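For what it's worth, this note's numbering labels the leading residue of the sequence shown as 49, then goes sequentially.
These notes concern the structure reproduced below.
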Amino acid sequence: MQRSPRLSAPARRRLRVLGAAAAALLLALPSGAQTVEREMFVSVLDQSDKPVLTLGVPDFLVREDGRVREVLRARRATDVIEIALLVDTSQALGSQVNDVRKGLGAFIARMRPQAQISIVGFGDRPTIYADYSNSQEQLTRGLGFIFPIQGAGAYVLDAVGEVLKGVEKRKPERSAVVVVFAGGREFSTGDYQLLIERLKARGTALHVIVIGASTPPDVQTTEGRNRELLFDRGSTETGGRRENVLTSMATADALERLAAELLGQYRITFARPDALIPPQKTEVAVRPAGLKARGILIPAGTAAK
49 MQRSPRLSAP ARRRLRVLGA AAAALLLALP SGAQTVEREM FVSVLDQSDK PVLTLGVPDF
109 LVREDGRVRE VLRARRATDV IEIALLVDTS QALGSQVNDV RKGLGAFIAR MRPQAQISIV
169 GFGDRPTIYA DYSNSQEQLT RGLGFIFPIQ GAGAYVLDAV GEVLKGVEKR KPERSAVVVV
229 FAGGREFSTG DYQLLIERLK ARGTALHVIV IGASTPPDVQ TTEGRNRELL FDRGSTETGG
289 RRENVLTSMA TADALERLAA ELLGQYRITF ARPDALIPPQ KTEVAVRPAG LKARGILIPA
349 GTAAK
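Below, the structure written as structure tokens:
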């Protein structure tokens, strides 16, 4: 029978060092790793697009870069929300203006107790018609300034960028941008991808209502393509919604569905391993079959209002 070769003294020392390193690595495995808490605002809708309001911790599933995270708490989101209403006041608004005003008025009335709302027109150039407020008088006055500007095109990307400057300065814990688009030709030259990254960084959801879904979108120009990419990818990546309606008369119903979703959101808290490099992607789902969930991370270190 052959004997195993005897190790030299230097080899034995190397094995002892490697053994010590392996032991230290075992002590540092995830079971003993420190965690930090992160939070999300989450919408849960049924197959009829109505909010589901009866869920608890066991119903939510959070993954980051494919790894499951422990959900610690779940409650209805009663937090104040800042909402920037961006309205198409380009020539394309035309005779649809009364339907749009009516729909916005009903949306404001529904959200006002829980929201600080601003109104911004983006025809010709971004123009503030009402600064953030929950005053019925101030917001009603702002609605009165909405009208189609003859000969004007749309500046959606510029308007989103201007609104984000204020959001980045104030750092609200919960915020949303709601775009009501009537089909004006786009003239902004902004970077849609940069806008999406800024929205995500501030935890600001983008919601879009497009009037005239039967009309082909303006994608023949670079500006028009950038706007469509902002609408599609921006709403998806920030936990928002995009809804296309055939006529301006359906604007009020679309805004009512959005209000119901925002008022029915959850605030969930989950545990994440404390690491220097944050995950690339955070996803939320719900276990009951047939339900859909979408959400956006609350920025780390944002203080509750």
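Backbone N, C-alpha and C fix where the C-beta goes; we use that ideal spot for every residue, glycine too.
Since the model is a prediction, treat every value here as computed from it, not as a measurement.
Nearest neighbour of residue i, chosen from the options [CA to CA]
i    : options                   : result
L109 : D97, V92, K98 and S223    : V92
I197 : D266, A163, R233 and T188 : R233
V145 : F229, T270, A132 and D179 : F229
R273 : G238, D301, A307 and A249 : G238
A132 : E271, R111 and L254       : L254
F35  : V208, G142 and A163       : This structure does not reach residue 35, given that the chain is present from 49 up to 353, and the question cannot be answered.
F235 : L120, D94, A154 and Q139  : Q139
K213 : L101, R86 and L242        : L242
V226 : L303, G201 and S296       : L303
Helix, strand or coil at residue i [DSSP, three-state]
i    : result
D113 : coil
V119 : strand
T83  : strand
L101 : coil
L73  : For L73, the pLDDT reaches just 36, beneath the cut-off of 50, and the residue's location in the model is therefore unreliable, leaving the point undetermined.
V92  : strand
8 angstroms Cβ cutoff met for residue i and residue j
i    : j    : result
L310 : G251 : no
L187 : R149 : no
R158 : Q184 : no
D107 : V332 : no
A125 : G104 : no
V135 : I176 : no
K98  : A298 : no
G343 : V90  : yes
Local Cβ density within 10 Å of residue i, reported as buried at 16 or more and exposed below that
i    : result
E210 : buried
V84  : exposed
T269 : exposed
A337 : exposed
I316 : buried
L77  : Here L77 scores only 38 on pLDDT, less than 50, and its place in the model is too uncertain to base an answer on.
P220 : buried
Q313 : buried
Cβ-heavy atom distance, residue i to the ligand ZN, below 7 angstroms
i    : result
A253 : This structure does not include the ligand ZN; it has no bound ligands of any sort.
What are the complete alpha helix (DSSP H) segments, minimum 4 residues, inside the segment 321–346? When DSSP assignments are scanned along the segment 321–346, no uninterrupted stretch of alpha helix (DSSP H) that is 4 or more residues long falls wholly within it.
Taking only runs that begin and end inside the segment 217–278, name each unbroken alpha helix (DSSP H) of 4 or more residues, in chain order. Taken in chain order, the whole alpha helix (DSSP H) runs of length 4 or more contained in the segment 217–278 are 240–249 and 270–277.
Counting only runs that start and end within the segment 136–211, where is the alpha helix (DSSP H) found for 4 or more residues in a row? Listed in chain order, they are 145–159 and 184–192.
Only counting runs of 3 or more residues, tell me where the beta strand (DSSP E) segments fall wholly within the segment 279–313, in order along the chain. Taking only runs of at least 3 residues, the beta strand (DSSP E) segments lying wholly in the segment 279–313 are 290–293.
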